[in-house]
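For the sequence shown, the UniProt record's numbering gives the first residue as 1, with consecutive numbering after it.
Every residue, glycine too, gets a C-beta built ideally from N, C-alpha and C.
Computed from a predicted model, the values in this text were never measured in an experiment.
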Amino acid sequence: MGHARKGGYREDESQDAHHLSYFRLDMGALSRQHQTPVHHKCPPDRRAAPVWFLYRDNERRTTATQVVHQELDVPPLSLFLEKLGQKHRTRNLDTPEYGSLDTVWATGTMPKTLSAANNVAHPYRILYKVTAASIDFAARKQLIELNEERATKTDRRGFPLPKLTWRNFLDRQQVRGKVINDKLQEACARYWQNYLDARQDRREDQTEPNLRIANHRPLSLSEKWGPASLKYYAKLTRAESTMLFHLRTGVVGLKSYLFSIHVRDIVDDLCPCKQGKHTVEHVFIHCPALLAERTRLYQQVGHHDLKKLLTRDSKAAAAWAIRYLSIEQFGLTGRQTPDKIFQKRDGA
């Protein structure tokens, strides 16, 4: 059980570090020590995840905030602060100080300046009562479920895991913390779904064909809320992380997107090949001008599925896009990417 507690603490600590890194960037304190979304103290020469490039390249202003949150698994600030508040209040519920304060709130002999009605409606009292009622009820239920699960498991020495008890402060806090984290994920999932629903409504109301929302469906919008997308960036270089973020969110320097936001000198959304719209799907699947280059990529990864390219084989796809899509932002990196990396694994 001690191992479980330590593991839970480390997980929670890393999540908080993740969010602190993000919000420090959001408020302008851009620092290279915050390059990765989870291990935010990695040295500058280590791999970098998209959050650093996202702000460095100033792309967030044209990417919906909700898409940024989902892609990087970063809850909205309001939900994250609510999580911190709930954890703070649940820790205080078991302290002598809270017991004394609760006694004061419950007394009927208050100073004349404070009526009994005002005492009952005190905002801190309401917050604590709501937290105690909602979190503790769910936590007690969670405790039963955890004990049922633990009854079938053993520790490293083969002994049955001890039961968690509500009387034990550490057990109680462990279960409360899990409930709070679960509630945060549920709230984030609702937040993401609300955005998708609102976006769909706007698509249905859209009449002008060249507007971005009418013809743009990035891969990130087809995925559920959760940390799954973070692993797609795990082993990427800085440039590859940036490119993958652009490809997955659709905010990328291809003519279809640039035309939709009315970039000067972009007069249409057609690919230079004139065979279709200049989109991520077109360049990876259909463009005849990139047939030979795509063939080398397909041989390397063993398929031509766009979803797999932008998830399982994200490193190869990002490197290929940097090398062959001629996006000005990646000009130098693209010229330095050798063609030979896009070959069969057997070296053919």
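Check: Sub-8 Å separation of residue 66 and residue 195 beta-carbons; Outcome: yes
Check: Buried versus exposed call for residue 248 [16 or more other C-beta atoms within 10 Å across all chains shown]; Outcome: buried
Check: Beta-carbon spacing of residue 309, residue 319 below 8 Å; Outcome: no
Check: Cβ neighbours of residue 142 in the same chain (closer than 7 Å, five flanking residues each side left out); Outcome: 175, 178, 179
Check: Opening and closing residue of the alpha helix (DSSP H) in which residue 217 lies; Outcome: Per DSSP, residue 217 belongs to no alpha helix (DSSP H) and is neither H nor E.
Check: Spatial distance of residue 217 from residue 199 (CA atoms); Outcome: 10 Å
Check: For residue 256 and residue 277, believed in contact at Cβ under 8 Å, the rounded distance; Outcome: 5 Å
Check: Euclidean distance between Cα positions of residue 137 and residue 169; Outcome: 16 Å
Check: C-beta atoms of residue 272 and residue 184 nearer than 8 Å; Outcome: no
Check: Own chain partners of residue 129 with C-beta closer than 7 Å, once the 5 adjacent residues on each side are dropped; Outcome: none
Check: Reduced DSSP secondary structure (H/G/I, E/B, other) of residue 236; Outcome: coil
Check: As assigned by DSSP and simplified to three states, the class of residue 328; Outcome: helix
Check: Bridge partner(s) assigned by DSSP for residue 270; Outcome: 277
Check: Simplified DSSP assignment, three categories, for residue 227; Outcome: helix
Check: Outcome for residue 89 when other beta-carbon atoms lying within 10 angstroms are tallied against a minimum of 16; Outcome: buried
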